[in-house]
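In this note's numbering, the protein residues as written are 16 to 556.
Report on one structure; see the data block that follows.
Structure follows, in structure tokens:
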């Protein structure tokens, strides 16, 4: 309005016209917001950024994923001066005082930076008024690698721990925080503030949208901790944090992580209960013992390398597979006959392998692993234990146990195909690498709930694995003719479903209009139905 009056007085006002504009208002009281010009504090960034760029070109700081290094450098090369003052009532107040007599600006002396000035340096007047503005929050945050270690004093912590090792943060504050910490570090300390920057993605909802109260899609981490456990939430986020990409947090992933924690707990409980009343009768390494120790050695080597490369998501997947599949599903079950026979070596292997697995998993599930490790070893601080070292590989044991696993898997698949319960005892004929089965017959019988036939049956269901083929005759197990009728009926159903999918996929309108995910799902459904149909044909033949 004042501008209009000035134009009118000067005779330069051409016309006045009403029009609608988007008027910003205060979120609290609704008062219209009008822009006003105030003096501000600015930081000249070009010379500061150049110091950082020299270091980055030397390779001072590693970025994970590496692509963020170029993004960081691009921003520094095009950096603008930084407005570091804010008109707020909270924050770090700017340490500047204005002389009310001569208007000179006074700041503390570098050697006495904690002492407020008492008189004007220019005229000596004691009438000083402090600037009411505060620093931009990222200005003080930029000093974090220094101030937390006692800077600007030359403390022992600063000497010992600067620069830091790894900075972990989200990519969304790369410029706001990381780049500005780099500026502070190189300017005040003359070197990088950290050696490596690990940038992770944002946690989104299951549809890939940012969480907000207005959308009603906010997942409260405290509620998730209450429902699934802190370790489960932590493990799920690490498991999903692949390549610095955003995380779509579906609650099913939290259920997966909770189930994994339960699996580990039950495995540890089994090992602890196996100690009670155990009477050692022999101390001989079994094939399963040798296999598990060898796989553990490989796992330690691979998972350690993934941790060191900061590929935490893949480390989570590797340790998940090692714990769930190799240790729980196979070794724990294969160890039961040896434990029943009083084999002390097997019990010792269970204890030692579990202890190492808890160490590998500790960075991802600290609470559960600490409790279980204390119960297993009597030691309270798992975090202070030495990191495991890989031992020797036993490739012969791994190959033999793999053949045994394939034989068991084949028998289980045949039972499922015949509609038999998993616990039903059957007789099978094996071909291929059968020596490990014969040498570990008790383990095979226990795991497969099956015994061996001396001769190949004339008619049987067949399951071929890469190293072992199993043949299971149906006579005496079920009504063969009734089974054939059920299989033929199922074959017709599968072929009808496959034909319907083929017609849908052959339609140009479907492929053009349907979302890509829907088309891919239909293609997957077609493949699955055709594969099932082929398996039934083989069984019927």
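Note that the Cβ used here is the ideal one computed from N, Cα and C, for glycine as well.
Item                                                                                                                                                                                      : Value
If you draw a straight line from the alpha carbon of residue 322 to that of residue 364, how long is it in whole angstroms?                                                               : 25 Å
Might you give, ordered along the chain, the residues of its own chain that have their beta carbon closer than 7 Å to the beta carbon of residue 172, omitting 5 neighbours on each side? : 164, 165
Which value, in whole angstroms, describes the spacing of the CA atoms of residue 128 and residue 396?                                                                                    : 42 Å
Measure the C-alpha to C-alpha separation of residue 422 and residue 209 and round it to an integer number of angstroms.                                                                  : 52 Å
Measuring CB to CB, does residue 264 end up less than 8 Å from residue 218?                                                                                                               : yes
Please say whether residue 180 and residue 142 have beta carbons closer to each other than 8 Å?                                                                                           : no
Using the beta-carbon count (16 or more within 10 Å), is residue 466 buried or exposed?                                                                                                   : exposed
Under DSSP, the beta strand (DSSP E) around residue 444 begins and ends at which residues?                                                                                                : 441 to 447
At the level of alpha carbons, what is the spacing between residue 44 and residue 386?                                                                                                    : 52 Å
Tell me which same chain residues have a C-beta within less than 8 Å of the C-beta of residue 221, skipping the five on either side of it?                                                : 263, 264, 265, 266
To the nearest angstrom, report how far apart residue 10 and residue 528 are at their CA atoms.                                                                                           : The displayed coordinates of the chain run from 16 to 556. Any statement about residue 10 would go beyond what the structure contains.
With DSSP run on the structure shown, which of helix, strand or coil describes residue 522?                                                                                               : coil
With three or more beta-carbon pairs closer than 8 Å as the criterion, would you say the region 456 to 476 touches the region 418 to 438?                                                 : yes
Would you kindly work out how many angstroms separate the C-alpha atoms of residue 81 and residue 211, rounded to a whole number?                                                         : 10 Å
Leaving out five residues on either side along the sequence, give the residues of the same chain with a beta carbon under 7 Å from the beta carbon of residue 299.                        : 358, 360
Hey, how far is the Cα of residue 536 from the Cα of residue 344?                                                                                                                         : 30 Å
What is the rounded straight-line gap between the Cα of residue 548 and the Cα of residue 436?                                                                                            : 22 Å
For residue 101, which residues does DSSP report across the bridge?                                                                                                                       : 149
Could you tell me the alpha carbon to alpha carbon distance between residue 102 and residue 334, rounded to whole angstroms?                                                              : 50 Å
Is the Cβ-Cβ distance between residue 108 and residue 73 less than 8 Å?                                                                                                                   : no
Here's a check: name, in chain order, each residue in its chain whose Cβ is nearer than 6 Å to the Cβ of residue 544, leaving out the five neighbours to either side.                     : 509, 512, 513
In the DSSP assignment, find the beta strand (DSSP E) that holds residue 113 and state where it starts and stops.                                                                         : 112 to 114
Would you kindly report the start and end of the unbroken alpha helix (DSSP H) that includes residue 360?                                                                                 : 359 to 376
Under the DSSP definition of a beta bridge, which residues are partnered with residue 297?                                                                                                : 358
Starting from residue 308, follow the alpha helix (DSSP H) in both directions and report where the run begins and ends.                                                                   : 302 to 323
Taking all protein chains shown into account, decide if residue 341 is buried (16 or more other Cβ within 10 angstroms of its Cβ) or exposed.                                             : buried
Return the chain-ordered list of same chain residues with a C-beta closer than 6 Å to the C-beta of residue 182, the five sequence neighbours on each side being excluded.                : 209, 212
Classify residue 105: buried if its beta carbon has 16 or more other beta carbons within 10 angstroms, exposed otherwise.                                                                 : exposed
Would you call the region 483 to 502 and the region 432 to 446 touching, i.e. three or more CB-CB distances under 8 Å?                                                                    : yes
By alpha-carbon positions, which one of 187, 306, 307 ends up nearest to residue 260?                                                                                                     : 187
What is the rounded straight-line gap between the Cα of residue 293 and the Cα of residue 400?                                                                                            : 28 Å
What is the C-beta distance between residue 199 and residue 157, in whole angstroms, given that I count them as a contact (C-beta under 8 Å)?                                             : 5 Å
Tell me which residue opens and which closes the beta strand (DSSP E) that residue 78 is part of.                                                                                         : 77 to 79
Have a look at 492, 388, 288 and flag the residue whose alpha-carbon is nearest the alpha-carbon of residue 362.                                                                          : 288
Can you give the Cα-Cα distance for residue 557 and residue 372, rounded to whole angstroms?                                                                                              : Residue 557 lies beyond the range of the chain shown here (16 to 556); nothing can be said about it.
Buried or exposed for residue 35, going by 16 or more other Cβ atoms inside 10 Å?                                                                                                         : exposed
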